[in-house]
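Asks: Have a look at the structure that comes next, please.
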Amino acid sequence: MASPWKHPELGIYYFRKAVPHALRAVVGRTEIRRSLGTKDPKEARRRHRAVAEEIESEWDRIRSLRSATDDEAPARLVSLSHKDAHALAGEIYLEQIAKHEHDPGDAVEWHRMVHLATNALPLDRRPEGAPKRVWTHAMRPEFVARREFGTLVSEHLDKRQLQLDSKSFTVVCLATAQAMRDAAAQLKRNSLGDYTPDPAASKYPAPYSPSTNGPPLQVEAFIADWIKGVPLSTATRQSWSGKLRNLMRNAGKTDIASITEADVVAWRNARLAAGISERTISEGDLAGVFSMFKWAVEEKKLISNPAQDVKQRFQEPEQVRPQKGYDFREADLVLRATLEDHSNLSEASAGARRWIPWLCAFSGARVGEIGQMHADHVYQEPTPSGLRIWCMLVTPEAGTVKNRKARVVPIHPQVIEQGFLAYVDKRKGRPLFYDPELARKPDSHHRQADKVGERLAAWVRKLGIPAPVQPNHAWRHRFETLGRALWLREDIVDYITGHGPNSAADNYGDYLVEASYRAVCYLPRYLEGPAKASPADAITQANGISILAGQDQSVRFARHRGNPSIQRN
């Protein structure tokens, strides 16, 4: 587009331009889209011209590289580390000194070069007394550096037979601006008769060599450093590490620093060809490697993120049924099947099939949180009204908890009445639903808990639950649905299910089990016909709160904040 494009929702202007067909294999995209960072149309036009100049300059460089080769397309463009970029700039510095030191010429010309190079430096690298403000978008250091020193850098790269991607080329131009300022300052001193060795010469790395590029970013060493530097759950670390290894295998490389945007695009396309869903590629594959590369850039291990601009668009699937969770018939079908004979399974597997659906139905917990629970995490919690309520502790100590916060979830009386505590006693000192001694590795207990959920989902699917319904997560949706139908307070439902707070006020104070238990007990009992009186009545009466029931004996817990009250339906 020849003019800025305004985002219809955000109101921010963008640069958009189609990539020429001849260059798409190298660029790796069909369109360049870049935010101009402004909502002002006049400023957007100024910035649009500067970005257009940069993009066209880069495409001209790629065309020249292509015409200089016999192949139909140039070789893959190289991504450089920060150190490599400054090593190349150091080579340019040495070339300029060697070329002019014997006959430096007029000091005024070198003074002008010092001023020109200073304008191409980032603000934090400009010497004291130099202008610290960039007046227009076109005067941004990266634009000035490419415009003033792009030709010099390209000539040097041609001599080195080195072809860089766009981001690396820009960084080398910025580093060259610093090198040219140092060289011009030294040659200015030479022209005035001062041949004192330049102290700036020693700051540049040794000449760039792909074979002696310092300690390489080998994939396994990189992953180990990333795990130490980023606080994530074990499951997320393993998932993203696997995605990065898959990318490296597809690219045929072992050095992280050698991965280019074209490598990421090729990997994405290979995943699509393998039948991986577009949503999985977008929210799983690309999101994982993007986050890892972003950390590497922040830690100065890479100069750019090769996954920064690689996207995979996907369309939300049609919702062919109104419910996300189980309807009443499906919930009864699954829970009735849990009462069947499961003696052909191990004790832990039979227990998972018997109890996890009930615990999920009355808690809205994620199946992984229940599947990893230990027998010691089921206990009685005393209340201010003198009751002792059976609860389960959902804690990160047992494994993955999405918000990384422990919470106490009351157990519904119907689960207790069915004999759940007897099963807990049989599993005393062990996880409830898997056997640690069967783990292949000492640290793979969380994976065993994941397998519990996977096997349970496969069993539920065989009962006749239709494909759009997620067999385990459907209980979580159903819990939220019932919470709305019964007018349970949103903040208490969010606490029970482990959702994050909706406001700063929700972060204050704690959630006593008494309040959570009252909410849980308002949930209808399953497989028993007409609803029975709720044990929540005893709690509310013990606290001096009257219950006003409708004709159908149903009650609801008011949604508003402050002291909870019971209202008629």
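Position in the sequence shown (from 1) plus 34 gives the number in this note's numbering. Beta carbons: idealized from backbone N, C-alpha and C, even for Gly.
For T230, name the three-state secondary structure that DSSP assigns.
Replies: In this structure, T230 counts as coil in the three-state DSSP scheme.
Asks: Ends of the beta strand (DSSP E) at F256?
Replies: Unbroken run through F256 is the alpha helix (DSSP H), V253 to G263; no beta strand (DSSP E).
Asks: If you run the structure through DSSP and keep just helix, strand and coil, what is P447?
Replies: If DSSP states are grouped into helix, strand and coil, P447 belongs with the helices.
Asks: Using 8 Å as the cut-off, can you tell me whether the region 211-221 makes contact with the region 132-150, which would need three or more C-beta pairs spanning the two stretches below that distance?
Replies: Yes, since at least three Cβ pairs between the region 211-221 and the region 132-150 fall closer than 8 Å, the two stretches touch.
Asks: Rounding to the nearest angstrom, what Cα-Cα distance links S113 and C207 in this structure?
Replies: Roughly 14 Å between the two C-alpha positions.
Asks: Is A414 helix, strand or coil by DSSP?
Replies: Residue identity check: residue 414 is Gln in the sequence provided, not Ala. Strand at Q414.
Asks: Tell me which residue opens and which closes the alpha helix (DSSP H) that A501 is part of.
Replies: Note, A501: premise wrong, no alpha helix (DSSP H); not H, not E.
Asks: If you reduce the DSSP assignment to three classes, tell me which class R422 lands in.
Replies: Reduced to three states, the DSSP call for R422 is strand.
Asks: Does DSSP put P465 in a helix, in a strand, or in coil?
Replies: If DSSP states are grouped into helix, strand and coil, P465 belongs with the strands.
Asks: Check whether the region 357-372 touches the region 510-526, counting contact only when three or more Cβ pairs, one atom from each stretch, lie closer than 8 Å.
Replies: Short answer: they touch.
Asks: Assuming contact is defined by CB atoms lying nearer than 8 Å, are V205 and A119 in contact in what I supplied?
Replies: Yes. Within cutoff.
Asks: Grab me the residues of L320's own chain with a C-beta within less than 8 Å of its C-beta, minus the 5 sequence neighbours each way, in chain order.
Replies: V298, R302, A341, V344, K345 and Q346.
Asks: Applying the 10 Å Cβ sphere with the 16-neighbour rule, what's the burial state of A213?
Replies: By the neighbour-count rule (16 or more Cβ atoms within 10 Å), A213 is buried.
Asks: Answer with buried or exposed for G124, where buried requires no fewer than 16 other C-beta atoms within 10 angstroms of its C-beta.
Replies: That one is buried.
Asks: With H, G and I counted as helix, E and B as strand and the rest as coil, what does DSSP make of D137?
Replies: Coil, per DSSP.
Asks: Determine contact between the region 221-241 and the region 132-144, defined as no fewer than three beta-carbon pairs at a distance below 8 Å.
Replies: With the cut-off at 8 Å, the region 221-241 and the region 132-144 touch.
Asks: For F49, list the residues DSSP reports as bridge partners.
Replies: Paired residue(s): R68.
Asks: Which term fits T294, buried or exposed, when burial requires 16 or more other beta carbons within 10 angstroms of its beta carbon?
Replies: Counting Cβ neighbours within 10 Å, T294 comes out buried, since at least 16 surround it.
Asks: What is the residue span of the alpha helix (DSSP H) that L186 lies within?
Replies: Its alpha helix (DSSP H) spans residues P175 to R194.
Asks: State the DSSP-derived secondary structure class of D112, mapped to helix, strand or coil.
Replies: According to the sequence provided, residue 112 is Val. The question's Asp does not apply to it. In the structure shown, V112 sits in a strand (DSSP, three-state: E or B).
Asks: Would you decide whether L497 is buried or exposed? Buried here means 16 or more other CB atoms lie within 10 Å of its CB.
Replies: Its Cβ having fewer than 16 others within 10 Å, L497 is exposed.
Asks: Between the alpha carbons of A300 and E333, how many angstroms are there, rounded?
Replies: Whole-angstrom Cα-Cα distance: 26 Å.
Asks: Give the range of the alpha helix (DSSP H) segment to which E364 is assigned.
Replies: F362 to T372 is the span of the alpha helix (DSSP H), which, as asked, contains E364.
Asks: Would a C-beta distance cut-off of 8 Å place N506 and G487 closer than the cut-off?
Replies: Cβ distance < 8 Å, so N506 and G487 count as in contact.
Asks: Apart from the five residues just before and just after P249, which ones in its own chain have a Cβ nearer than 6 Å to its Cβ?
Replies: Note on P249: pLDDT 47, under 50, position unreliable in the model; the coordinate value appears next. Correct list: empty, nothing qualifies.
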